[in-house]
Amino acid sequence: MMTPEQLGEYIERHFTRSAYRWERQPAYEVASDGSDYKRYLDGAAEPMWERLDPWLQVLRDERAEGRDRHRVRLFHSPLTDYERYECEWGYELTGAAGEGIFVLDPADHRLPEVMIDHDFWLLDDEHPVWMHYGPDGTFHGSTVEPALADSYRLAQRTALDLAAPCASWWAQHPEHHRAAHRKAA
1 MMTPEQLGEY IERHFTRSAY RWERQPAYEV ASDGSDYKRY LDGAAEPMWE RLDPWLQVLR
61 DERAEGRDRH RVRLFHSPLT DYERYECEWG YELTGAAGEG IFVLDPADHR LPEVMIDHDF
121 WLLDDEHPVW MHYGPDGTFH GSTVEPALAD SYRLAQRTAL DLAAPCASWW AQHPEHHRAA
181 HRKAA
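The numbering used here numbers the first residue of the sequence shown as 1 and each following residue consecutively.
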């Protein structure tokens with residue numbers, strides 16, 4: 001099983017054209033969030049830019065180099081606090097920096113059977129990586145799974161066909177925004 005550092009190295013080696021990420025956990029307990037998720041829940045106005053700015057620059061550089069990074073996020077009904085955090089403090093910013101962000105809302109679509117029941121990366125359409133998480137969203141590691149490449153490609157095509165661009169979906173659903181959620185609570 002690859003550690004986060006090994007996964008980063010693997011992605012860097014095998015992401016020459018495209019990197020696709022399928023996300024379906026209700027929440028992620030990952031170090032890359034820093035303290036931003038807690039700050040979001042506590043009502044802070046914006047993320048910690050010193051943590052986020054370098055990542056946004058990586059995304060801009062990838063786009064300038066012609067590398068395409070995109071993801072589809074499967075939402076839960078109702079949206080979790082973490083999913084709201086991702087939209088407001090993650091996807092809005094990473095999308096503006098060049099990452100293609102798409103969402104699947106279970107209220108809009110019944111998931112076809114071809115959809116994968118775990119998180120994964122598909123790099124350059126030929127390097128499948130299974131992302132292993134615990135029930136609480138803690139990352140346990142990742143494994144390269146060549147036998148799953150065809151399944152991952154089919155799931156990717158299906159997800160992208162069904163998904164909506166995150167920015168437009170989020171704009172159409174102000175009831176999910178933190179401000180509306182806090183007023184209702």
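The beta-carbon is built from N, C-alpha and C at its ideal position, and this holds for glycine as well.
The structure displayed is predicted, hence computed values, not measured ones.
Query: Own chain residues within Cβ distance below 6 Å of A27, not counting five before or after; Result: T80, Y82, G137
Query: Contact under 8 Å by Cβ, R69 with E99; Result: yes
Query: Burial state of Q57, where buried means 16 or more other Cβ atoms lie within 10 Å; Result: exposed
Query: Beta-carbon proximity check, C87 vs W22, cutoff 8 Å; Result: no
Query: C-alpha distance - S32 paired with H132, whole-angstrom precision; Result: 16 Å
Query: Same chain, Cβ closer than 8 Å to P174, five either side skipped, listed in chain order; Result: A180
Query: DSSP-derived helix/strand/coil call for T94; Result: helix
Query: Contact the segment 34–53 vs the segment 101–109: 3+ CB pairs below 8 Å; Result: no
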